[in-house]
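Notes to accompany the following structure.
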Amino acid sequence: MKKETIWFIISILFLTGTKVSSCSTPKTVPYARVVEMPNENLKNGRILFNNHCATCHPEGLSGVGLAIINKPLPKGLIKFQIRNGIGLMPAFNEEQLSDGQVENIAEYLLYLRKDNSKD
């Protein structure tokens, strides 16, 4: 009886150990595409976008918010939406983003759209 109990405990520990080790196997995560920014305004636009917009629109694609790089919106309308919000999207006033910063974000989105259309 004692041998059976010991073998039973060893078997349980072995099976539990293999199950735990399979849970800790790292999963591969698809990498984000690196997009080179040709000028400072686009670099600033990317930083501002990542700080203010990417939570809902990761890489300009859909997330909590809708995808925004697949829509043929002119720059003026993009800037209007940033300032005034739309639907659940909040508005960003001049205290949160300057006119120049809004311009940089709009330029960045247009650049992403152009870059994305190459794929």
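For the sequence shown, position 81 matches number 81 in UniProt numbering, and the numbering has no gaps at all. Quick reminder that beta carbons are idealized off the backbone N, C-alpha and C, glycines included. Note that the structure is predicted; figures quoted are calculated from it, not measured.
Distance, Cα to Cα, residue 49 vs residue 91?
Looking up residue 49 in the sequence shown gives position 49. Looking up residue 91 in the sequence shown gives position 91. Near 14 Å, if we compare the C-alpha coordinates of residue 91 and residue 49.
Subject >> Identity of the residue in 83, 74, 46, 88 nearest residue 95 by Cα >> reply: Here residue 95 corresponds to residue number 95 of the sequence shown, with the count starting at 1. Ranking 83, 74, 46, 88 by Cα distance to residue 95 puts 83 first.
- Out of 114, 53, 2, 113, state which residue places its alpha-carbon closest to the alpha-carbon of residue 88. Taking the sequence shown and counting its residues from 1, the one referred to as residue 88 is at position 88. Looking at the Cα atoms, 53 is the closest of the given residues.
Item to complete: Going by CA-CA distance only, name the one from 38, 72, 81, 68 that's closest to residue 102.
Response: If you number the sequence shown from 1, residue 102 lands on position 102. Of the candidates 38, 72, 81, 68, the one whose C-alpha sits nearest the C-alpha of residue 102 is 81.
Strictly by DSSP, which residues pair up with residue 105? Position 105 of the sequence shown, counted from the first residue, corresponds to residue 105. The partner list for residue 105 (beta bridge, DSSP) is empty, contrary to what the question assumes.
| said: Going by the DSSP bridge assignment, what does residue 68 pair with across the sheet? | reply: One-based indexing of the sequence shown puts residue 68 at position 68. According to DSSP, residue 68 bridges with nothing at all.
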